[in-house]
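Heads up: the sequence shown begins at 120 in this note's numbering, then just goes up one per residue.
The C-beta atom is built at its ideal place from N, Cα and C for all residues, glycine as well.
The structure appears below as structure tokens.
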Amino acid sequence: MNLKKKMASLAVTLAFFVGGTAQAFHSNYSPMAPRQLTYKASHADYSYGLTVLPGNSIDSIEGLNRNGPWQTNYYVLDRYILRPVAHGYAKLPQFSRTGIHNFIGNVGELNNTVNNLFLGNFADSGISISRFAINSTIGILGLFDVATPMGIERKEMSFDTVQGRAGADSGAYLMIPAVGPSTERAIHGTVVDAWPTYLVPPLIGWTFNAISAIDTRAGLIPQEEMIDNAVDPYAQVRTAYLQYREGKVNPDAAMENKKDENVEEFLEEID
């Protein structure tokens with residue numbers, strides 16, 4: 120096993136310890152399926168007729184996702200709280216928003232450094248820590264991105280992507296109350312990537328996460344009309360989210376969905 124694979128395996132092992140649950144690896148069965156012990160069982164289709172989405176994700180609790188968290192998030196929390204706050208934030212002077220965005224991104228360079236290291240991308244890891252050092256000093260705590268004009272480009276890498284490239288499936292699709300779309304794998308990744316906030320007092324960590332969420336939501340303002348006018352906003356958000364995540368892991372396969380053979384067989388029977 121080469122060094123990169125060893126580093127990736129170590130990264131996934133870390134996710135198991137931090138997240139507390141096991142993850143499924145690339146296959147044609149649901150990560151929520153019963154444990155398989157034989158070759159035949161490991162190649163069985165446990166999707167139970169559900170559509171396998173990008174990243175081998177399955178919306179196995181769609182009814183609960185739709186009628187609980189989605190209704191609360193989309194029709195209440197986003198509409199009456201997060202959306203107005205994001206639009207208000209978007210009206211701040213450009214230099215203020217840029218400074219906040221740069222600061223958040225600079226903290227993210229710590230994750231980029233470690234996650235690229237897990238994948239054996241030593242050059243990218245070195246670039247990430249260099250960006251953090253330069254922007255934290257010359258850029259005044261990261262408020263100014265002076266590294267990019269110097270030709271030191273950002274090498275973004277999340278732990279969710281690290282797990283995906285190590286072979287872990289996305290797992291079940293989840294709509295989390297007050298958070299939004301996620302997957303089993305993404306939850307593990309979020310827990311690991313949040314480590315910088317564990318080093319500061321809780322109030323500071325919560326404040327940073329809240330500002331980061333508002334900054335991210337403001338960046339989605341151009342997408343609001345597309346989602347609001349969609350025939351099925353829930354499905355629109357789910358597809359966009361899963362394709363984006365899978366695109367980070369494997370850009371060439373981002374648009375691919377596994378065919379639902381059960382549905383095809385049913386249609387053939389009707390014909």
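In terms of CA proximity to Glu344, Arg198 leads the group Arg198, Gln190, Tyr208 and Asn175. Only residues of its own chain outside the window of five on either side were considered, and among them Ser247, Arg250 and Phe251 have a CB closer than 6 Å to the CB of Glu228, listed in chain order. For the pair Ile330 and Ile219, the CB atoms are nearer than the 8 Å cut-off.
With 16 or more other CB atoms across the displayed protein chains lying within 10 angstroms of its CB, His307 is buried. One thing to note: Thr280 has its Cβ no nearer than 8 Å to the Cβ of Leu293. Restricting attention to alpha helix (DSSP H) runs no shorter than 4 residues, the stretch 254-315 encloses them at 278-284 and 303-312, ordered along the chain. Its Cα nearest to that of Met276, the residue Lys367 stands out among Leu201, Pro341, Asn184 and Lys367.
Taking a C-beta distance under 8 Å as the contact criterion, Leu361 and Ser289 qualify as a contact pair. For the pair Leu172 and Pro300, the Cα-to-Cα distance works out to about 14 Å.
In the structure shown, the three-state DSSP call for Ser176 is strand. Per DSSP, reduced to three states, the secondary structure at Val319 is coil, with no helix or strand assignment. Under the three-state reduction of DSSP, Val171 is assigned to strand. Rounded to the nearest whole angstrom, the CA to CA distance from Gly187 to Ala287 is 27 Å. Asn369 sits in coil when the DSSP states are folded into three classes, being neither helix nor strand.
By the C-beta density criterion, Ile177 is buried, having at least 16 other C-beta atoms within 10 angstroms.
The beta carbon of Leu211 lies closer than 7 Å to none in the same chain, with the five residues before and after it left out. Ranked by Cα distance from Ala297, the options Gly182, Tyr193 and Ile180 are led by Tyr193. Distances from the CA of Leu339 to each of Pro203, Ile180 and Glu181 were compared; the closest alpha carbon is that of Pro203. One Cα belongs to Asp371, the other to Ile257, and the distance between them is close to 38 Å.
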